[in-house]
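>
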Amino acid sequence: MSRVPTAELSRYLLTGQVSRRGCLYARNPRIAVCTLLRPTRQTRNVSSHAATSTKLPPSVIASAGNPLRKQLKDEAKALKASGKKKKKNANNQTVPGWELTVGIEIHAQLNTARKLFSAAATSFNDPPNSHVALFDVAMPGSQPLFQPETLIPAVRAALALNCAIQPVSRFDRKHYFHWDQPAGYQITQYYHPFARDGRVVLRARDGIAPEDGDRVEIDIKQVQMEQDTAKTTAQPGNVHWLDFNRVGLPLIEIITQPQIHHPATAAAFVRKVQMLLSSVDACVSGMEAGGLRADVNVSVRRAEDVGTGRLGTRTEIKNLSSFKAVEDAIIAERDRQIAVLETGGMVEGETRGWSLGSTETRRLRGKEGEVDYRYMPDPDLGPVVIGEDLVAHLASSMGMLPDAEIDELVETYGLSSKDSLSLMMLDDGARIQYFYNVLEELETRLGLSEGSDQRHALLAANWCLHELGKLTELPSDLDMTPDGECRVPSGDLAAILSHLHKREITARVAKDLLWGVFRGEISAGGVAQAIEAGSLWFQEISEQDYAKLADAVVQGEDKVLGEFLRFKQGKAKAYPHGKLMFLVGKMMRAGPEQRMDPASAERVLRARIEGVYLPALEGS
Amino acid sequence: PSEKEKEEEPTKITPQTLSHLLRLSALPEPSTPAESSAMLQTLHAQLHFVRDIQRVDTTGVEPLSSIRDETPEGIREATVALATLQHALAEEEVYGRCKRPRRMRSKGTGGGAVRKVEEGVEDWDVLGCAAETVGRYFVVRSG
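Which chain is which? The protein sequence lines are A and B, in order.
If you count the first sequence from 1, you need to add 34 to reach my numbering.
If you count the second sequence from 1, you need to add 5 to reach my numbering.
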């Protein structure tokens with residue numbers, strides 16, 4: 035195959051245009067030629083300039099010699115500057131003229147040793163039907179036996195949601211037939227739940243919609259205890275395999291008031307509730323593991339109807355298995371309901387489902403198929419009477435909750451709330467324990483007292499978040515234990531960071547040491563030895579050497595110095611920081627890099643520019 | 006008296022309502038019209054009995070949900086207090102800088118080892134009454 039000319043190749047790659055030399059089009063202009071490559075986002079600017087002409091746009095011609103990467107970067111910059119780049123989810127949260135109302139029901143599996151009404155053990159992936167009591171499969175004659183230990187995580191969950199614990203609550207039966215419910219009814223708390231009137235506060239850092247401002251409070255109507263159902267595995271040919279290990283597992287259902295008005299806020303709410311439940315040890319498996327499920331109720335009404343206080347007909351969406359699914363399903367359902375109402379139709383109160391990758395919810399059950407649950411108090415069970423002393427003890431022993439922890443990290447250590455949240459979420463809360471371990475060790479080594487400046491904390495946080503993350507493909511490969519230890523012992527990382535903080539080693543050396551510790555080449559506690567053995571101590575060159583390097587680098591850079599002169603003379607608005615760093619980079623490459631600190635080089639260069647080069651330039 | 010009787014005139018249960026009620030309880034539909042009318046007759050008699058009982062004045066009386074000891078001692082016995090759960094709380098540990106309590110995970114979970122079967126609770130032939138099984142699963146057919 036003959037070699038394709040570079041200009042033609044770059045034209046094809048960047049604009050999707052193929053040379054028509056020798057094509058039928060040249061002979062017969064009526065035959066349309068379609069562009070082979072759909073313009074990507076980066077090249078949209080270029081092709082929009084090209085329009086329908088076959089002439090090469092000037093930018094492509096001019097940059098035929100430039101590297102492709104620089105080309106694409108410049109185009110992206112130009113596109114961003116022109117404002118044409120579409121921001122993700124920019125207008126997804128509201129539809130003008132309509133108000134969305136969402137209520138959420140969350141079911142969370144409680145972290146208990148035993149089930150709710152039988153002494154069978156809770157399990158996750160044990161062999162099927164190995165933890166089943168007689169009552170779990172509704173053997174005739176079996177009776178429920180309430181297990182009071184289930185109240186510990188239940189009450190903690192309700193307290194974390196700021197609910198009022200009801201001293202007396204009762205159990206009711208919710209009747210419906212399904213093969214995963216052997217008794218023919220589910221025991222729940224319909225009339226008298228054990229907790230009411232809670233509140234969850236969401237802040238901007240929790241990921242609420244920008245339209246909701248700085249913070250939004252969602253009221254919780256009630257929290258109730260109920261049973262879980264069996265696990266069904268569908269097999270081909272309408273066959274289902276049942277595992278009753280999960281029947282009777284304690285769940286709590288959290289029902290909110292319909293106060294959420296934006297899809298992102300709804301997803302943020304579910305995320306926040308999962309974090310709160312996990313931090314009080316009430317529910318330790320998340321949405322991905324199936325331990326937490328959310329059903330949402332969606333309704334819309336016109337903006338002018340907001341004052342009447344009446345909400346539109348609501349539909350319920352079930353089978354939501356991730357936070358993104360919550361947001362996407364609400365947006366899809368809202369758009370569907372608005373479309374129905376705008377064409378003059380009526381929204382039916384039905385149950386709908388959502389699957390990953392769908393664009394619209396699908397109907398599961400209409401109003402005619404609505405089940406009549408015939409709630410009735412369960413006569414086999416007595417009331418649940420929760421002692422005040424128990425509630426007081428649980429309330430006082432919850433420890434610091436996530437919001438308080440993030441506030442402390444931000445205020446005491448100066449971390450950004452985004453970094454704090456990331457630290458807390460990684461490795462199921464283990465990464466932040468690791469960070470605390472590293473920080474404690476670091477503070478001991480540096481001999482710092484409280485109240486001193488917290489730069490070391492920021493250094494530790496950056497390394498625990500980003501540098502540690504660079505070591506492995508998946509975070510789980512770090513083998514982080516819940517107590518905060520991993521393949522990089524916290525003591526060793528603290529040693530590396532203390533040397534780095536004291537400027538005894540450079541950042542590059544520190545990163546290499548981290549690799550060494552991770553790969554086991556440096557044994558535990560052997561960081562200082564390794565530095566000694568490799569002669570890695572930072573022996574900075576003197577100020578005079580920096581000055582000499584600066585002089586050497588500035589040779590022939592009169593044009594660049596001109597920029598600094600223009601700033602000094604007031605002709606330019608901003609200090610040419612980019613040009614300064616360019617010169618610093620030249621210095622680093624020119625000199626013994628392992629003995630130079632970029633910050634010192636910058637300082638010396640800046641001083642010499644002010645003091646030596648510019649006066650020389652002005653004088654000449 | 007005739008007006009009072011008219012007020013108490015009950016709404017008739019139609020065969021459609023009867024079908025609905027039977028479906029809710031997973032009971033078979035009546036096979037002949039005679040069976041249907043016999044069921045309806047019984048149902049009406051029962052409803053008449055219920056209406057009669059509902060005439061009793063129960064203002065201020067809490068409905069009975071289950072027969073329990075409602076004396077103060079009985080309620081005290083049923084109360085789940087701190088003392089009742091002391092043993093479960095003792096199995097917890099406090100971890101981390103935020104001093105959060107957490108249930109100690111037994112060695113069985115997550116390590117692949119199966120937890121010991123609870124004596125007297127789980128040690129019975131669970132699959133014995135199943136009509137159809139596959140391995141350790143119950144089999145149900147739908148459709």
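Glycine included, C-beta positions come from ideal geometry on N, C-alpha and C.
Quick caveat, the model's predicted, so the values are computed rather than measured.
Is the Cβ of TYR470/A closer than 7 Å to any Cβ of chain B?
Closer than 7 Å to some Cβ of chain B, the Cβ of TYR470/A qualifies, so yes.
> Would you mind sorting PHE598/A into buried or exposed? The rule is 16 or more other CB atoms within 10 Å of its CB.
That one is buried.
> Determine the burial state of VAL131/B: buried for a count of at least 16 other Cβ atoms within 10 Å of its Cβ, exposed for fewer.
VAL131/B should be labelled buried.
> Kindly indicate which three-state DSSP category GLY137/A falls into: helix, strand or coil?
Here GLY137/A sits in strand by DSSP.
> Would you mind reading off the limits of the alpha helix (DSSP H) that contains PHE303/A?
Note, PHE303/A: alpha helix (DSSP H), 297 to 313.
> Could you name the residues of the segment 124 to 145 of chain A whose beta carbon sits closer than 7 Å to any beta carbon of chain B, in the order they occur along the chain?
Per Cβ criterion, the list reads ASN145.
> Cβ closer than 8 Å: which chain B residues qualify as neighbours of MET432/A?
Here the neighbours are ARG105, PRO106.
> Can you tell me whether HIS165/A is buried or exposed, with buried defined as 16 or more other CB within 10 angstroms of its CB?
Its Cβ being crowded by 16 or more others within 10 Å, HIS165/A is buried.
> Establish whether the CB of GLU127/B and some CB of chain A are separated by less than 7 Å.
True, the Cβ-Cβ gap to chain A drops below 7 Å.
> Using three-state DSSP, classify THR290/A as helix, strand or coil.
The answer is strand: DSSP assigns THR290/A an E or B state.
> Is ILE18/B helix, strand or coil by DSSP?
Of the three classes helix, strand and coil, the one that applies to ILE18/B here is coil, per DSSP.
> Just to make sure I have the definition right: I need the residues of chain A whose C-beta is within less than 7 Å of the C-beta of PHE147/B. Which are they?
It is worth fixing the name first, because residue 147/B is Ser in this sequence and not Phe. The contacting residues are ASN272, HIS274.
> Are the C-beta of ALA650/A and some C-beta of chain B separated by less than 7 Å?
ALA650/A does not count as touching chain B.
> List in chain order: all unbroken alpha helix (DSSP H) runs of 4+ residues lying wholly within the segment 133 to 204 of chain A.
Those alpha helix (DSSP H) runs which fall completely within the segment 133 to 204 of chain A and span 4+ residues are 185 to 194.
> So with Cβ pairs under 7 Å, would you call MET143/B a contact of chain A?
The sequence shown places Phe at residue 143/B, rather than the Met named in the question. Taking Cβ atoms only, chain A reaches closer than 7 Å to PHE143/B, which makes this a yes.
> Could you check what DSSP says for ASP206/A in three-state terms: helix, strand or coil?
Correct three-state label for ASP206/A: strand.
> Identify, in the order they occur along the chain, each residue of the same chain with its Cβ nearer than 6 Å to the Cβ of ALA194/A, setting aside the five sequence neighbours on each side.
Excluding residues within five positions, the ones whose Cβ falls inside 6 Å are LEU310, VAL314.
> Under 8 Å Cβ-Cβ, which residues of chain B neighbour ALA316/A?
Simply none; closest approach about 10 Å.
> Say whether chain B places a C-beta atom closer than 7 Å to the C-beta of VAL52/A.
It does not; no Cβ of chain B falls within 7 Å.
> Is it buried or exposed for ASN272/A, if we count other Cβ within 10 angstroms and need 16 for buried?
Counting Cβ neighbours within 10 Å, ASN272/A comes out exposed, since fewer than 16 surround it.
> Contact between the segment 261 to 268 of chain A and the segment 474 to 483 of chain A is defined here as three or more beta-carbon pairs at a separation below 8 Å; is this criterion met?
Verdict: no, contact absent.
> Can you check which of these residues, SER569/A, GLN467/A, GLU382/A, GLU644/A, is closest to ARG102/B by C-alpha distance?
Measuring from the Cα of ARG102/B, the nearest candidate turns out to be GLN467/A.
> Relative to the alpha-carbon of ASP585/A, which residue among GLY131/A, HIS490/A, VAL646/A, GLN51/A has its alpha-carbon at the smallest distance?
Ranking GLY131/A, HIS490/A, VAL646/A, GLN51/A by Cα distance to ASP585/A puts VAL646/A first.
> Run through DSSP, which three-state label would GLY271/A get?
Coil.
> Less than 6 Å between C-beta atoms, sequence neighbours within five positions excluded: which residues of the same chain meet that for ARG408/A?
The answer, listed in chain order, is HIS209.
> Listed from N- to C-terminal order along the chain, which residues in the segment 412 to 427 of chain A have their beta-carbon within a distance smaller than 8 Å of any beta-carbon of chain B?
Answer set for the segment 412 to 427 of chain A: ASP412, PRO413, ASP414, LEU415, GLY416, PRO417, VAL418, VAL419, ILE420, GLY421, ASP423, LEU424, HIS427.
> Classify VAL99/B as helix, strand or coil using the three-state DSSP reduction.
Note: VAL99/B maps to strand in three-state DSSP.
> Looking at GLN291/A and ASP248/A, is the spacing between their C-beta atoms short of 7 Å?
For ASP248/A and GLN291/A, no; Cβs fall outside 7 Å.
> If we cut at 7 Å on Cβ distances, does VAL131/B have a partner in chain A?
At least one chain A Cβ lies under 7 Å of VAL131/B.
> Of all Cβ atoms in chain B, is any one closer than 7 Å to the Cβ of VAL307/A?
Not one chain B Cβ lies under 7 Å of VAL307/A.
> So what's VAL85/B in DSSP terms, helix, strand or just coil?
Here VAL85/B sits in strand by DSSP.
> Buried or exposed: where does LYS107/A fall if 16 or more other Cβ atoms within 10 Å of its Cβ makes it buried?
Result: exposed.
> Looking at the C-beta of VAL85/B, does it have a partner C-beta in chain A at a distance below 7 Å?
So yes, VAL85/B belongs to the interface.
> With a threshold of 6 Å, establish whether the CB of VAL638/A neighbours any heavy atom of the ligand HEM.
The ligand content of the structure shown is nil, which means the ligand HEM is not present either.
> Going by the DSSP bridge assignment, what does PRO411/A pair with across the sheet?
PRO411/A is bridged to ASP206/A.
> On a Cα-Cα basis, can you pick out the residue from THR299/A, GLU287/A, LEU285/A, ASP206/A that is closest to VAL235/A?
Of THR299/A, GLU287/A, LEU285/A, ASP206/A, the residue nearest in Cα terms is THR299/A.
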